Amino acid sequence: MAATADHFMYFAFGSNLLKERLQLANPSAIFHCTGRLKQNYTLNFGLWGEHIDNHWHGGVATIQQKEGGEVWGVVWRMSNDHLASLDKQEGVDMGMYFPLEVTVETDNGALLCRTYQMNRFHACPPSPQYKQVVCLGAQQNGLPVQYMRRLEEVQTNNYSGPSILDKISQVIK
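Per this note's numbering, the very first residue in the sequence shown carries number 870; after that it's consecutive.
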């Protein structure tokens, strides 16, 4: 992972595209640039194993290898002090996601970044609230219009109850 003694680079592609979402538990996150995974990956939404109870009430984002796939996202520069909190947010301790190093193609060249991929993936549509956070993050950071359209086309599970979006909305206001 591209890191120094005090920071690392993190590639976000799901709810952590939105600055306010990521900074709830990781206030050191600073926007570095946008980019896309150089390897053949695609974005998918689902659940870890049989795990249904989550803050989002539906599928969450992960990457999966797929020939010809493309995943856009944001590279965040983060303090090494927040590596443990990012791992916890991603459920690494429970085995939900595993960290991996990926090459991200940016306007200024390739960067090695930490990202996360779901273990025991089961496809499941996201809640409208989760999709909204992902789309807001894509818009906030100026991801390509065609990619944002693909995100907007993602079908949801129509969940209409409370979610973590309520907490994020308070921070945005």
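We put the CB at the ideal spot given by N, CA and C, even for glycine.
Since the model is a prediction, treat every value here as computed from it, not as a measurement.
Q: Measure the CB-CB distance between E1054 and I1037 and report whether it falls below 8 angstroms.
A: The displayed coordinates of the chain run from 870 to 1042. Any statement about residue 1054 would go beyond what the structure contains.
Q.
Whole angstroms are fine: how far does the CA of N977 sit from the CA of V994?
A. The residue you asked about is not Val; residue 994 is Pro in the sequence shown. Each residue's Cα considered, the two are about 34 angstroms apart.
(Q) Need the endpoints of the beta strand (DSSP E) that I1037 sits in, please. (A) From DSSP, I1037 is part of no beta strand (DSSP E) but of the alpha helix (DSSP H) over 1034-1041.
Q | Beta-carbon proximity of T931 to G1011, cut-off 8 angstroms | A | no
(Q) On the DSSP letters alone, give me the boundaries of the beta strand (DSSP E) that R983 sits inside. (A) 978-987
Q: Report the option in H926, V971, G938, K1000 whose CA atom is closest to the CA atom of Y879.
A: V971
(Q) Short of 8 angstroms in beta carbon distance, which residues of its chain neighbour A874, apart from the five on each side in sequence? Order them along the chain. (A) N949
(Q) Quick check: what's the CA-CA separation for F877 versus R1018? (A) 30 angstroms
Q) Which value, in whole angstroms, describes the spacing of the CA atoms of N1027 and P997? A) 6 angstroms
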